């Protein structure tokens, strides 16, 4: 458990440092480019480069790390015509977090809540959920 936590923190720190270095490099390159051209430098974020979002957290828990894994697995390259089912995502969360599903065969209520939180807002808006 402690080793997993230490590894998760190391990965999070590495990613944060990598993002910081990428941003600094982009700023330096932008400064060099603007010195040679009349165009103002264009601000970019590392999220644009990796087609994702960079989030700076004060700490990373095991649960958050595992939820991010499920999010990447199910939402990184999803087909807008066939988005992952919430029940599928919730069952994956149960499996990842070691939660016990309900006696009815449905995923745990916690996993269902987490799955709803991971669902893109654009889908919730489109199908009228959570209004």
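In this note's numbering, the protein residues as written are 56 to 186.
The C-beta atom is built at its ideal place from N, Cα and C for all residues, glycine as well.
All figures in this text were calculated on a predicted structure; none of them were measured in a lab.
Annotation: residue 62 to residue 115 spans about 11 Å, alpha carbon to alpha carbon.
The continuous alpha helix (DSSP H) containing residue 165 extends over residues 164-173. Note that the C-beta distance between residue 71 and residue 111 is below 8 Å. Between the C-alpha atoms of residue 137 and residue 178 there is a straight-line separation of about 11 Å. Straight-line measurement puts the Cα of residue 144 at about 9 Å from the Cα of residue 169.
Residue burial annotation: residue 134 is exposed, with fewer than 16 other C-beta atoms found within 10 angstroms of its C-beta.
An exposed status is given to residue 124, since fewer than 16 other beta-carbon atoms sit within 10 Å of its beta-carbon. For residue 68, the number of other beta carbons within 10 angstroms of its own is below 16, and it is reported as exposed.
Going by C-alpha positions, residue 65 is about 19 Å away from residue 127. Note on residue 149: 16 or more other CB atoms within 10 angstroms of its CB, so buried under the neighbour-count rule.
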